[in-house]
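Novice:
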Amino acid sequence: HVPMSPCPQVCLLIHTQRIESTRRQAMAMEAQNDQLMDDDPHLIALYYCYTPRPIPSTSLPNHVKYHQDLCARLNLNGRIRVSSEGINGVLSGNRSQLIEYERSLHDEVTRILHEDTGIDDENRNETNDDVDVGDDASLDLDVKYCKLRPDIPAETQLFDTLSVKQTREVVSLYEQKFEAAPGSNRRGGRRGRRWKKKREKVQSWQQQQQEQQEQQPQSEKQEDHYSQPDDSDDTKDDTGNETIEVPTSPEDIDLMQYPPAQHLSPQEWNQHLEGEVEGDAILLDARNVYESRVGHFAVPGVPTILPNTRKYSSLPAVFDASSEQLAGRKVYMYCTGGVRCERASAYLQALADSERWKGEKPKRIYQLKGGIQRYLETYGSIVQDEQHEATQPSPSGSNTPSDACLYKGKNFVFDPRRTDPVIGPGCPGRCLLCDAPHDDYDNGHAPCENKEARCCRCRVLVLVCNDCRSKVRIWGEEQLEAPPNKPDLHCGPGGKECIDEGNTISVQIVTS
């Protein structure tokens, strides 16, 4: 008996029904994600604001208390920095409460600035523009509302305490040296004591390593490449990317004479970069090495400078030594949310006008308004699983080049989530041990569980895939928890030696 094939009309009907079913499923998923965006009960608010004129120093203590009282009333937790030049903060809480906080903050800062001018609302329009600091257009409070990750419990992604500090700057581009108050014998309180114990633990470990190394044969010591300064003339790292050694003690430059670079919206960012001639532009990542490891911009024909730093205050040293790469080019600078580029772009302009600059000045300097966070809100996709399968297309819904997402991978954030769930295509991160694609420092755990992979010596975050994770001991993991003779994980190639990554500052130049 030979089974009869269905007629062409039936085949067409079945095919049409399948297409319609797939379309309905896609629409349902899109509606579900839209509903998630609209009704998500908890969010992370990332914001900063440089005020049109300094907040009076006499108003700062009261403004700190204002934040403390308002956050307590709205049940918001997180970190806030208050300074004369502006405010920088990250908070977690209910969506409606965060929106109320934003509205109240805008009104409060406007009120403070009005009081400082001594001008009431009725007479404000009769003065010149320099004094008219209270207009909505003048006070640029940039607030980004960020989703929680769907792969770990929501309660593990929220701040559980509130810290409001009065600081000298919104973000510190230079190292600050603090002295104890007269008559005070405390140095850092509970946090300082905790870090002191950790430093003592590191010092003890280093002493043990030094004693073991002294007992090694002389031939083995000579082969220990990463424990000695690299005096070679090589300009390539193990991946073939160019590296540049840079100094670590930049001189102070007065930034008050220089405004931030021109802001580009995500749409303008794409249009500018996709219209660039090869060799005429360069991307400059203003973040640290452990951030760019999991994601960065990659634009065909436009190289990207990725600084090998651990802290923002090391960035001036990177700029000082990168003048030859930046000279005569259009510089496109970006960071997580935009605040670091405000001062970094001003520093780069000041540096280019100084005698220390080598070569031609940059043609133009741009910065991404709202940073990676705002860009991915426009062009990114929501990840729902470890394979990074996008479940929501970019809002544009178009496949034209100007609508393509130029950011690859995840956005590292400084809150309990570690990374934002809205991502770009691809996975630039690699396992340090086997080189497999990997971009999760926590290996599936919530960051609050403190199971992230770190170098056993210098504690820098290290990417190690799930398969390799069980084969090594990470920082903070006792040998008793691991099989005998389990090797320690370090940040050097293959995880075998510590190279103090991010402290011996250099840059990596990658091309797409």
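Note that the sequence shown ends on residue 513 in our numbering; no numbers are left out. All C-beta atoms, glycine included, are put in the ideal place defined by N, C-alpha and C.
Output the boundary residues of the beta strand (DSSP E) element that contains P308.
Specialist: T305 to N309
Novice: Please say whether P363 and V332 have beta carbons closer to each other than 8 Å?
Specialist: yes
Novice: Measure the C-alpha to C-alpha separation of D501 and S315 and round it to an integer number of angstroms.
Specialist: 14 Å
Novice: Out of curiosity, what's the CA-to-CA distance linking K487 and K472?
Specialist: 7 Å
Novice: So V414 packs on D421, CB below 8 Å; how close in whole Å?
Specialist: Yes, V414 and D421 are in contact; Cβ-Cβ is about 5 Å, under 8 Å.
Novice: Identify whether K66 lies in helix, strand or coil by the three-state DSSP scheme.
Specialist: When secondary structure is reduced to three states using DSSP, K66 falls in the helix class.
Novice: For the beta strand (DSSP E) that S507 lies in, which residues bound it at each end?
Specialist: S507 to V511
Novice: If L307 sits next to L407, beta carbons under 8 Å apart, how far is it from one beta carbon to the other, in whole angstroms?
Specialist: At roughly 15 Å, the Cβ-Cβ gap does not stay under 8 Å, so L307 and L407 are not in contact.
Novice: Is it right to say K497 is buried, meaning 16 or more other beta carbons lie within 10 angstroms of its own, or is it exposed?
Specialist: Around the C-beta of K497, fewer than 16 other C-beta atoms lie within 10 Å, and the residue is accordingly described as exposed.
Novice: Extract the residue ranges of the beta strand (DSSP E) inside the stretch 85-111, only unbroken runs of 3 or more that lie entirely within it.
Specialist: Counting only runs of at least 3 residues, the stretch 85-111 fully encloses the following beta strand (DSSP E) elements, listed from N- to C-terminal order: 87-95.
Novice: Compute the distance between the beta-carbons of C72 and L142, then report whether it is under 8 Å.
Specialist: It is not a contact, given that the beta carbons lie outside the stated cut-off.
Novice: Can you check the stretch 135-163 for any beta strand (DSSP E) of at least 3 residues that lies completely inside it and give the ranges in chain order?
Specialist: 143-147
Novice: Which residue from H68, L433, P317 and D441 puts its Cα closest to that of I424?
Specialist: D441
Novice: Going by DSSP, what residues sit across from A353 in a beta bridge?
Specialist: According to DSSP, A353 bridges with nothing at all.
Novice: If distances are taken between C-alpha atoms only, which option among E479, E356 and I366 comes closest to Q350?
Specialist: I366
Novice: Buried or exposed: where does R74 fall if 16 or more other Cβ atoms within 10 Å of its Cβ makes it buried?
Specialist: exposed
Novice: How many Å lie between V461 and R112 at the Cα?
Specialist: 43 Å
Novice: With 16 as the cutoff for other CB atoms within 10 Å, does A155 come out buried or exposed?
Specialist: exposed
Novice: Who are the Cβ neighbours of S60 in its own chain at under 6 Å, not counting the five residues just before and after it?
Specialist: I113
Novice: Compute the beta-carbon to beta-carbon distance between S346 and P261, rounded to the nearest angstrom, for a pair I have assumed lies under 8 Å.
Specialist: 5 Å
Novice: Three or more C-beta pairs closer than 8 Å, one from the stretch 157-168 and one from the stretch 78-87: is that the case here?
Specialist: yes
Novice: Between the beta-carbon of L430 and the beta-carbon of V295, is there less than 8 Å?
Specialist: At residue 430 the sequence reads Gly, which differs from the Leu that was named. Closer than 8 Å, so yes.
Novice: State the CB to CB distance for the pair C499 and R458, rounded to an integer number of angstroms; the pair is presumed to be in contact (CB under 8 Å).
Specialist: With 8 Å as the limit, C499 and R458 qualify as a contact, their Cβ atoms being about 4 Å apart.
Novice: Buried or exposed: where does D468 fall if 16 or more other Cβ atoms within 10 Å of its Cβ makes it buried?
Specialist: exposed
Novice: Looking at V171 and E109, is the spacing between their C-beta atoms short of 8 Å?
Specialist: Result no, Cβ atoms of E109 and V171 do not sit closer than 8 Å.
Novice: Buried or exposed for M334, please, with buried defined as at least 16 other CB atoms from any protein chain shown within 10 angstroms of its CB.
Specialist: buried
Novice: Helix or strand or just coil, what does DSSP make of I373?
Specialist: helix
Novice: Return the chain-ordered list of same chain residues with a C-beta closer than 8 Å to the C-beta of Q219, the five sequence neighbours on each side being excluded.
Specialist: For Q219, the predicted structure reports a pLDDT of 39, less than 50, and the residue's modelled location is therefore unreliable. The matter cannot be settled from this model.
Novice: From N444, G276 and R54, pick the residue whose C-alpha is nearest to that of E116; which is it?
Specialist: R54
Novice: Can you give me the C-alpha to C-alpha distance between H43 and V463, rounded to a whole angstrom?
Specialist: 29 Å
Novice: I'd like the span of the alpha helix (DSSP H) that includes L316, first residue to last.
Specialist: L316 to A322
Novice: Buried or exposed, going by whether 16 or more other CB atoms sit within 10 Å of the CB of D70?
Specialist: exposed
Novice: At which residues does the beta strand (DSSP E) containing Y51 begin and terminate?
Specialist: H43 to Y51
Novice: Less than 6 Å between C-beta atoms, sequence neighbours within five positions excluded: which residues of the same chain meet that for R96?
Specialist: Excluding sequence neighbours, R96 sits near L44.
Novice: The alpha helix (DSSP H) spanning Y291 covers which residue range?
Specialist: For Y291, the enclosing alpha helix (DSSP H) starts and ends at V290 to S293.
Novice: Ignore the nearest five residues each way along the sequence and tell me which others in E292's own chain have a CB closer than 6 Å to its CB.
Specialist: F413
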